[in-house]
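Q: If you read the sequence shown in full-length UniProt numbering, its first letter stands for residue 1, the second for the next number, and so on. Backbone N, C-alpha and C fix where the C-beta goes; we use that ideal spot for every residue, glycine too.
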Amino acid sequence: RILLETVYEAFEAAGWPLDTVEGSQTSVHVGVMTDDYYTIQARDPDTMGSHAATGLSRCILSNRVSYAFDLKGPSMT
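(1) Straight-line CA distance for residue 36 to residue 5?
(2) Could you compute how far the alpha carbon of residue 42 sits from the alpha carbon of residue 3?
(3) Which value, in whole angstroms, describes the spacing of the CA atoms of residue 8 and residue 31?
(4) Where residue 20 and residue 11 are concerned, what is the direct C-alpha to C-alpha distance, given to the nearest angstrom?
(5) If you follow the alpha helix (DSSP H) that residue 23 is in, where does it begin and where does it stop?
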């Protein structure tokens, strides 16, 4: 969620309305190093939701951004 909020704020700061970005050939590149939140959640697997594995995975962050904002360019994490 934090990444999606940050991307949204970046679009706002750049003066790019979402309707001009959605569906565009915009590429997404994300660099990520740690997954601290997943580590905290994994301490008690009984409290993890059914989508935790994909929702907390580092390898698909750029794809989540592309999907959320309907970006059609390449994405790489």
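A: Per the coordinate set shown:
(1) In a straight line, the C-alpha of residue 36 is about 18 Å away from that of residue 5.
(2) Approximately 20 Å between the Cα atoms of the pair.
(3) Distance from the CA of residue 8 to the CA of residue 31, rounded to the nearest whole angstrom, comes to 17 Å.
(4) In a straight line, the C-alpha of residue 20 is about 10 Å away from that of residue 11.
(5) Boundaries cannot be given for residue 23, as no alpha helix (DSSP H) includes it and DSSP labels it neither H nor E.
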